[in-house]
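Numbering (the working numbering), first residue to last: 636 to 967.
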């Protein structure tokens, strides 16, 4: 995947340039924000990225390009100034990794040495992390990402600027959707009820995440936000960690309950092909306060545990609920 050149459009954009004292790997930092290859809200490539977001000031679209030690950013829409202000946080430039000691394990030490610095980005946008995380609960990534694309295309809006991105649906939009609209997109009724209920509380969650939007605020508000989310039926530790990592840059986020993560950690750190959540937490304990950095290193390392048994096939509720074809019209 490539992000096409759009310099011809930059005359009408707000701009910002940052000088870096160390290189940034956009795929490493922004990769967690991408919900599958067809995510209509973001694209990330080597040295370039584009992303759309609904900011407190309104919709905004940003393009980021690396040029040696400099980061060039262009933004469009009412939210342009807000989204440009957030570039250091988005790229993890102001992420504080002091206290992170990779040397507790030789594999982590080796990966960190190659990486140079293990930085975590943050969007500051709680709802935009929460919506896809709720869609991803207890189903395959393929199924969740397909439903997210459908939801964005059906109830989001085209993003400002020339980059052909889409804005994710706002909490107000989701809260007002009747159940059958969500079911038509492949989202089962129980999940749709959760989406609408959480959407009505989204303003409170955004306020709890405000500390992370300050300069150098990575991880700010994570404890309070996690507690508020966990108090909601249907929101557990997995969803909470997925949100605090992406929105707040929480350096200690661990997605307990993930179908694959405990196996990745166990295999990388012990050689065992399978591990439980309890074993994973024990293995990560030496990096308390920075466990998300270790997880990100392992996830991007290429170290993959062996697979056993058949893979879970993704469902498609839209297909499954479709009426049967008329006689003579079936696939041939």
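Backbone N, C-alpha and C fix where the C-beta goes; we use that ideal spot for every residue, glycine too.
About 5 angstroms separates the Cβ atoms of residue 670 and residue 780, confirming a contact at the 8 angstroms cut-off. Going by C-alpha positions, residue 936 is about 7 angstroms away from residue 746.
Taking every protein chain shown into account, the CB of residue 879 has 16 or more other CB atoms within 10 angstroms, so this residue is buried. From the listed residues 690, 923, 645, 684, the smallest Cα separation to residue 735 is found for 923.
Cβ-Cβ distances below 8 angstroms link residue 705 to 652, 653, 654, 655 in the same chain, with the five nearest sequence neighbours on each side left out; the list follows chain order. For the 9 angstroms CB-CB criterion, residue 724 and residue 757 form a contact.
When DSSP states are grouped into helix, strand and coil, residue 722 belongs to the helix group. Pairing residue 766 with residue 786 gives a Cβ-Cβ distance under 9 angstroms. Between residue 753 and residue 918 the beta-carbon gap is near 17 angstroms, outside 8 angstroms, which marks them as no contact. Around the CB of residue 874, 16 or more other CB atoms lie within 10 Å, so the residue is classed as buried.
Rounded to whole angstroms, residue 738 and residue 673 show a C-alpha spacing of 37 angstroms. DSSP links residue 706 through a beta bridge to 653, 701. Here residue 683 is bridged, per DSSP, to 680, 700.
Pairing residue 675 with residue 800 gives a Cβ-Cβ distance under 9 angstroms.
DSSP lists no bridge partner for residue 818. Take residue 667, set aside five residues on each side of it, and the residues of its chain with a beta-carbon closer than 6 angstroms to its own are 881, in chain order.
When C-alpha distances from residue 942 are compared across 784, 914, 835, 902, the shortest belongs to 902.
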